[in-house]
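Heads up, the sequence shown is in the working numbering, so the first residue is 1 and it goes up one at a time.
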Amino acid sequence: MRVNEPVTQKEVTYPPEYNLLSITKTSSHITYASKEFCDVAGYKLDELVDQPHNIVRHPDMPPEAFNDMWNFLKAGKSWMGIVKNRCKNGDHYWVDAFASPIKVNGQIAEYQSVRLCPSRQHVANAEKIYAQLKAGKTPTKLKLPRTRLWQRLAGALLGSGIIATTVASFSAIGAVWLFFILATLSGYMLTRRLEALSTQAREVFNNPLMELVYNGHIDDISEIALALKMRQSELNAVVGRIQDSNHQIAGAAQSSAQNCETTADNLSGQTSETEQVAAAINQMHSTAHEIAQNAQNASDATEKANEAVVEGKDSVAQTVSSMNELSRQLGVASEVVQQLSEHGRTIGEVLIVIQGVAEQTNLLALNAAIEAARAGDQGRGFAVVADEVRKLAQRSHESTEEIQNIINLIQTSTDKAVQAMDEGNKLSDVCVDCASTSGEKLDALFGQVTDISDRNNQIATAIEEMARVTEDMNSSVQSISEVCSATNILASDTKEECETLVDNLNSQGQLVNQFRKL
Numbered sequence: 001m002r003v004n005e006p007v008t009q010k011e012v013t014y015p016p017e018y019n020l021l022s023i024t025k026t027s028s029h030i031t032y033a034s035k036e037f038c039d040v041a042g043y044k045l046d047e048l049v050d051q052p053h054n055i056v057r058h059p060d061m062p063p064e065a066f067n068d069m070w071n072f073l074k075a076g077k078s079w080m081g082i083v084k085n086r087c088k089n090g091d092h093y094w095v096d097a098f099a100s101p102i103k104v105n106g107q108i109a110e111y112q113s114v115r116l117c118p119s120r121q122h123v124a125n126a127e128k129i130y131a132q133l134k135a136g137k138t139p140t141k142l143k144l145p146r147t148r149l150w151q152r153l154a155g156a157l158l159g160s161g162i163i164a165t166t167v168a169s170f171s172a173i174g175a176v177w178l179f180f181i182l183a184t185l186s187g188y189m190l191t192r193r194l195e196a197l198s199t200q201a202r203e204v205f206n207n208p209l210m211e212l213v214y215n216g217h218i219d220d221i222s223e224i225a226l227a228l229k230m231r232q233s234e235l236n237a238v239v240g241r242i243q244d245s246n247h248q249i250a251g252a253a254q255s256s257a258q259n260c261e262t263t264a265d266n267l268s269g270q271t272s273e274t275e276q277v278a279a280a281i282n283q284m285h286s287t288a289h290e291i292a293q294n295a296q297n298a299s300d301a302t303e304k305a306n307e308a309v310v311e312g313k314d315s316v317a318q319t320v321s322s323m324n325e326l327s328r329q330l331g332v333a334s335e336v337v338q339q340l341s342e343h344g345r346t347i348g349e350v351l352i353v354i355q356g357v358a359e360q361t362n363l364l365a366l367n368a369a370i371e372a373a374r375a376g377d378q379g380r381g382f383a384v385v386a387d388e389v390r391k392l393a394q395r396s397h398e399s400t401e402e403i404q405n406i407i408n409l410i411q412t413s414t415d416k417a418v419q420a421m422d423e424g425n426k427l428s429d430v431c432v433d434c435a436s437t438s439g440e441k442l443d444a445l446f447g448q449v450t451d452i453s454d455r456n457n458q459i460a461t462a463i464e465e466m467a468r469v470t471e472d473m474n475s476s477v478q479s480i481s482e483v484c485s486a487t488n489i490l491a492s493d494t495k496e497e498c499e500t501l502v503d504n505l506n507s508q509g510q511l512v513n514q515f516r517k518l
């Protein structure tokens, strides 16, 4: 037999409402222990599971007590008794144990033991008896053969008769009275425990009518029998109610298990879909960042375009100014050319006069030559001078013709220059108009580019906000996914607990059925 040492002989007490429950295999290895059992014994559940139940056996317990228990259990019968168990640290605790075999299909499948807090009188009795057994001594009452009430009454009457017979030699009447007194006293001594039990029976159910109906008698024995019947009826009622509750709870537990399984499947699908949503949000988050970057790049480009437009506006303004200045200079040049043309015409008029003078001079020279010829030798010198004057007049005429030709060319060129300047003025005006129009369009373009830049900035800001929102959504979806996973685990655990509950209810139902058969 296993001996668990050391021991402290220090008792651990616990509340009377505690229910110290344990279940073992047929090999006596623990499969389950209630929390109260673990708390009182000082073990954790995982320290007890798969351990033989004698891990809590106290060395003060005599082997006879456990042999008695196993004889009942192996025979398929329940057993009860006062037991001293050892705590993990060597302390001890007393229990009022009720052990019973649990049968499945007529075969013992496991053993169940329910332990309650015993009365101190029962503990005192057990300590005294167990100490004698451990010392190898059998209590006297266990040595004597069991006697029935009628045997004890017969013995008492026999003893009383012997005493009365002895006294009869002195007084017959005294002997009768002595016999009566001794018989009455013996009867009282032998039946006082029966009377106490009968009193307890009447406290359970005091109904003479039903006592007569059920037993056909009205006496102490029938009172006890009626109380037992009452307790059996109460037990049957409780068992019936428990069975009905078991059926309902088992059905609900099975339904809950199926619902948990369905929930777990749904949560698995939801977790998968949530992961897909999270992946899509991550992709959207990345895309949003790319869009924000592109929007920022577009904003930078529009800023540069704005700068280029501003520069273009400045260039157009300078062009307009230059074209205006050119137009003004062309106007001045046109006026100068006009004046030059007027001067050319004036020179032409002077040349006409000079040409006329030259022609007159030439005529005068011819006349002088004629007169010189008429004068003869005296006019020869004058003829020479006249000839030179004629030649000079001829050259003057030729020179004036050349100058006139040049002036005509200048006049023609001047006219063309004036015409070209007029065309230039017109083109300059057109260029100024075009440049002004370009400036206006550049102003409009500047406004549009500025608007685009503002919109790009707004888009970039919105995209950044969307990125933050998607990041928050991603965190939320991630949290939802984690919650779904945790809920899935809880659903699986709940399903297992429901299945365990169904198993326990089935075990309880089997136990209840055994009580119904009692």
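Backbone N, C-alpha and C define an ideal beta-carbon position, used for all residues, glycine too.
The model shown is predicted, which means the values in this text are computed figures rather than measured ones.
For residue 84, report the span of its beta strand (DSSP E) as first-last. Looking at the DSSP string, the run of the beta strand (DSSP E) that includes residue 84 is 79-86.
Residue 97 by DSSP, collapsed to three states: which one? Of the three classes helix, strand and coil, the one that applies to residue 97 here is strand, per DSSP.
How is residue 25 classed by DSSP in three states: helix, strand or coil? The answer is strand: DSSP assigns residue 25 an E or B state.
The beta strand (DSSP E) with residue 33 in it runs from where to where? Run containing residue 33: 30-33, per the beta strand (DSSP E) assignment.
Could you give the C-beta distance for residue 30 and residue 48, rounded to a whole number, given that I count them as a contact under 8 Å? With 8 Å as the limit, residue 30 and residue 48 qualify as a contact, their Cβ atoms being about 5 Å apart.
Going straight from the alpha carbon of residue 205 to that of residue 127, what length do you get? Cα to Cα, residue 205 sits roughly 34 Å from residue 127.
Under the three-state reduction of DSSP, which class applies to residue 92: helix, strand or coil? Residue 92 sits in a strand when the DSSP states are folded into three classes.
Segment contact, 8 Å Cβ cut-off, at least three pairs: the region 1-10 with the region 95-105: Taking a contact to require three or more Cβ pairs closer than 8 Å, the region 1-10 and the region 95-105 do not qualify as touching.
If you drop the 5 nearest sequence neighbours on each side, which residues of the same chain put their C-beta closer than 6 Å to that of residue 253? Cβ neighbours of residue 253 beyond the five flanking positions: 498, 501, 502.
Just verifying my parser: in three-state terms, what is the DSSP assignment at residue 102? Note: residue 102 maps to strand in three-state DSSP.
Do you know offhand how far residue 148's Cα is from residue 135's? At residue 148, the pLDDT of 49 sits below 50, so the modelled position is not reliable and the matter cannot be decided from this model.
Just to confirm before moving on: does the CB-CB distance between residue 198 and residue 224 stay below 9 Å? Yes, the Cβ-Cβ distance between residue 198 and residue 224 is below 9 Å.
Alpha carbon of residue 482 to alpha carbon of residue 444, nearest angstrom: Rounded to whole angstroms, the gap between the alpha carbons of residue 482 and residue 444 is 55 Å.
Going by DSSP, what residues sit across from residue 14 in a beta bridge? The partner list for residue 14 (beta bridge, DSSP) is empty, contrary to what the question assumes.
Nearest-angstrom Cα distance between residue 282 and residue 464? C-alpha separation (whole angstroms): 14 Å.
Quick check on residue 85: buried or exposed, where buried means 16 or more other Cβ atoms within 10 Å of its Cβ? The residue is buried, with at least 16 neighbouring Cβ atoms inside 10 Å.
Limits of the alpha helix (DSSP H) - the one that residue 123 falls within: If you look at residue 123, you'll find it in the alpha helix (DSSP H) that goes 120-134.
Whole-number beta carbon distance between residue 397 and residue 373, since they are thought to touch under 8 Å: Not confirmed; about 23 Å, so no contact.
To the nearest angstrom, how far is it from the Cα of residue 113 to the Cα of residue 9? The straight-line gap separating the alpha-carbon atoms of residue 113 and residue 9 is approximately 24 Å.
If you measure between the beta carbons of residue 545 and residue 93, is that distance less than 9 Å? Coverage of the chain is limited to positions 1 through 518, which leaves residue 545 absent and any answer about it impossible.
Going by C-alpha distance, which of 95, 321, 117, 375 is nearest residue 61? Closest in alpha carbon position to residue 61, among 95, 321, 117, 375, is 95.
Between the Cα of residue 354 and those of 317, 331, 368, 392, spot the shortest distance and give me the residue it belongs to. When only C-alpha atoms are compared, the closest one is 392.
Return the CA-CA distance between residue 266 and residue 120, expressed in angstroms with no decimal places. Taken atom to atom, the span from the alpha-carbon of residue 266 to that of residue 120 is near 57 Å.
DSSP on residue 147, reduced to helix/strand/coil? Any reading at residue 147 needs caution, since the residue's pLDDT is 49, under 50, leaving its predicted position unreliable; the model's value is listed next. Here residue 147 carries a coil assignment [DSSP, helix/strand/coil].
Contacts around residue 115, its chain only, beta-carbon distance under 7 Å, and the 5 residues preceding and following it disregarded: Setting aside the 5 residues that flank it on each side, residue 115 is surrounded in the same chain by 20, 95, 96, 97, each with a C-beta closer than 7 Å to its C-beta; the list follows chain order.
Backbone CA spacing between residue 71 and residue 81 [nearest angstrom]: If I take the Cα positions, the gap works out to 13 Å.
Kindly say whether residue 373, judged by its beta-carbon, lies nearer than 9 Å to any beta-carbon of chain B. Of the protein chains in this structure there is only one, and it is not chain B.
Host beta strand (DSSP E) of residue 110 (start-end): Under the DSSP assignment, residue 110 falls in the beta strand (DSSP E) whose first and last residues are 107-116.
For residue 108 and residue 78, the rounded distance between their alpha carbons: Across the structure, residue 78 and residue 108 are spaced so that their CA atoms are roughly 12 Å apart.
Residue environment, residue 138, which counts as buried when at least 16 other CB atoms sit within 10 Å: Per the 10 Å Cβ criterion, exposed.
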